[in-house]
Each structure stands twice: as structure tokens, then as C-alpha cells.
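Using mature numbering (1 follows the signal peptide of the UniProt record, and there is no 0), the letters of the sequence shown correspond one by one to residues -21 to -1, 1 to 322.
Yeah, the Cβ is synthetic: ideal placement off N, Cα and C, and Gly gets one too.
Since the structure is predicted, the reported quantities are computational estimates derived from the model, not experimental observations.
Take a look at the structure below.
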Amino acid sequence: MKKVKIKTLLFIVLVSTISCGQNKKENNMGNIDFKEKLYEIVENSTKYKKASLFLFDYSHSQVNIEVLVNDKLLSKSSIHNKQEQGYKFMNHLLSKKNKKQLVKLRITSLDKLSNFDKHNSYFSFNLSEMNRLEWSNDNFENQNYFIKYSNYGFKKDSKGELIRDLNGDVIRKDNLDNLNFFEKEFEFEAEMPFENEALQNSKDLREVDSTALEQKVLGQYHAFINSVKNKDEDRYWKLYYNKVAYWAKANFFTKKDIDDLIKEGEMYYNMMSYQPIENYEMVFYDEGRLVCFESKSNDLEFKGKSPLIATAVNPNDPKDVFRNPIQFYFYMPKDSNELKIMY
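Shown next as C-alpha cells:
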């Protein structure tokens, strides 16, 4: 596996172009506490040198695809012509309490999966495990792929209706948005050295008044936008830290990882603009313990993604616009009515 984050690389290239010729700020941005707290995560990660890192790498085009791990969203994309590929960390979605982790694949395609066009509509994904230190050192010799799945392993059944994979399993046929909808479940074992206690001790938000909850969620998204718009660094870095802290901890981030995370945060603060939150729906995950907004945009590249979109325009080419959704997932402690950022 190559450690390539496609969108992040494009983002860095574009932002580098934008920042060229501008007076650069000092790199500390006055957020010493934020950095110190993140580097404490590195100190914590050193306790787990033998811990496993679980990875999801994917490639798909012109397909509706949704992948959930333990009922938490890992990846989601709607049908559009642009190919998507890359990798994602998974540890923050795993459970210590239950060693068996459940992966659920939901998928539709332009031709309703009845006759895949392998040149235009396709998907593939792999789940793998490797030692965290080996990952940091780009040593993939012992990387263990335990799930490999793609449309190339499908075939029609005798009636030409339902589709079976190479194992003979029938993908469950359902209906979603007037498209045939198929679901496949996988299980794998993973041991996490700690549990997400905050999430375990949180409310089922489906039982909270939906109107009040929607306003709380909207307020959280607006807080992030306004912190950038109003140049409120303290507020911004507090929100950014709350978003990345557990994700970084669960995936055993190294000092270099944290350095990159801080640089990315600085770019999102200095170089990006954000549009108002609109045309969204409120969506629940993890049996109601997590809530977020997902876009209902007619632009299929962004449908189902976060409605909070960071935008940067290349000054040398106004048609060259970088847009990247930034998602937040929120929870509410059982003993509180305050909505908090999980990641």
C-alpha cells in the first residue's frame, strides 16, 4: 500500500500556490496549549508500540457506496464521474468491548448492479492490519489483508436477477431512492487497548427533541465557520483539537503525524473560506449516539458528504477551485444536554 491521501495532496499543492508571495505568519499561531495537548497524544501512543493499525483502502467510480464499521460511517460516496481512491484509518471506529468488529457494505450503481460496466462503474476495497511502527517506517512486508472485495467478484444468479459474489453469498436486495440496493456484512477480530468511554456513556440522540437537536448541531458547524471568519484563533483551535484528538489517539499518531495535523489545521484556518450550512439532513450513527449533517446537494460529488465545505480558489486560475467537505460527528453525555464533538 502506498501512503497517499489524494485530496490532501491536491489541497497542499493548491494552498502552496495560493500562499506563494504572501507574507507568512509565524507557525505557532499562538496555540501552544493546543499543540502541547496533541503532543501528549504522542506520549500516550508510545505505550502501544505493538498495537495494530487497521486500514481501509479503496477505489471506486460511478457508484453509490457506503461502508460502516460498528454502525459508524467509514466512507460514503454518490454516483459521479470522478474516480475516488485513497486510504483511511479505522481504529477510532473499533470497540474494545467487542473484539468482533462488524463491517457493512451498502451499494448501488448506475445499472443497478445487474450488469456491471467494468470500465465505468466499479468499486474495490481492502481491509488490512499492520503494526503501527512498521506503518510509520513505510515497512509493509507484514501487512495482513483480511478482506478484499470488489465488483469483479460478482455474477448473476440463474434467474439473472440477484447477484452473488464468488463465495456464493446472495447480496440482500432492497430498495433505496428507487435504485436496487445491496448489502453485505463482514466480520473481523480486532483488539483495542482502550475503549471510547465518552461515546459509551452518551445518549441515544434519536430520543432527544429533533428540532432542538438540529439547532444545536447547526450551532456547532457555525461555531467552526465563525471562528475562521472572525479570526478567533483560540476558538478555532479548541474546536479543531476536539475534532482530531480521539481520532489521533485511537490511530496511535506519531510526532510526525501530529506535525502534519497541525499544518493542515493552519491551512484550513488561514487559506480556506466556508459557505453557510444549507440543504442538509440530520443523520444518526452508532445506534443514535452520533449525529451529523449530510448534504442533500444535487452535485453528486458532495451528496451525502458534510455540508461544511472548505473552499480555496487558485489566484492564477479562477476556474481551479479546491473544495473539500469537513465532517464533524457529535455526541451528548448522559448527564448533560450539551452537544460535544466526538471527531
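- Contact annotation, residue 230 with residue 116: C-beta distance approximately 16 Å; criterion of less than 8 Å not satisfied.
- Judged by their CB atoms, residue 73 and residue 171 are nearer to each other than the 7 Å cut-off.
- The region 215 to 267 contains, as complete alpha helix (DSSP H) runs of 4+ residues, the segments 234 to 249 (chain order).
- Ranking 211, 27, 205 and 101 by CA distance to the CA of residue 256 puts 205 first.
- In this structure, DSSP gives residue 306 a state outside helix and strand, which the three-state scheme calls coil.
- Here DSSP, grouped into helix, strand and coil, assigns residue 177 to helix.
- With contacts defined by Cβ atoms closer than 7 Å, residue 123 and residue 103 do not form a contacting pair.
- Contact check for residue 288 against residue 307 fails: the beta carbons are separated by 7 Å or more.
- In summary, residue 274 is buried, with 16 or more beta-carbon neighbours lying within 10 Å of its beta-carbon over all protein chains present.
- Three or more beta-carbon pairs separated by less than 8 Å are not found between the region 200 to 219 and the region 51 to 65, which leaves the two stretches without contact.
- Residue pairing for residue 312: DSSP places it in a beta bridge opposite 181.
- For the 7 Å CB-CB criterion, residue 67 and residue 35 form a contact.
- Taking a C-beta distance under 7 Å as the contact criterion, residue 203 and residue 80 do not qualify as a contact pair.
- CA-to-CA, the gap between residue 45 and residue 235 works out to about 31 Å.
- Note on geometry: alpha-carbon atoms of residue 209 and residue 199 lie some 15 Å from one another.
- When the five nearest sequence neighbours on each side are left out, the beta carbons in the same chain lying within less than 7 Å of the beta carbon of residue 259 are those of 272, 273, 274, 275 and 286, in order along the chain.
- CA-to-CA, the gap between residue 32 and residue 246 works out to about 27 Å.
- DSSP lists no bridge partner for residue 25.
- The C-alpha of residue 24 is placed about 11 Å away from the C-alpha of residue 173.
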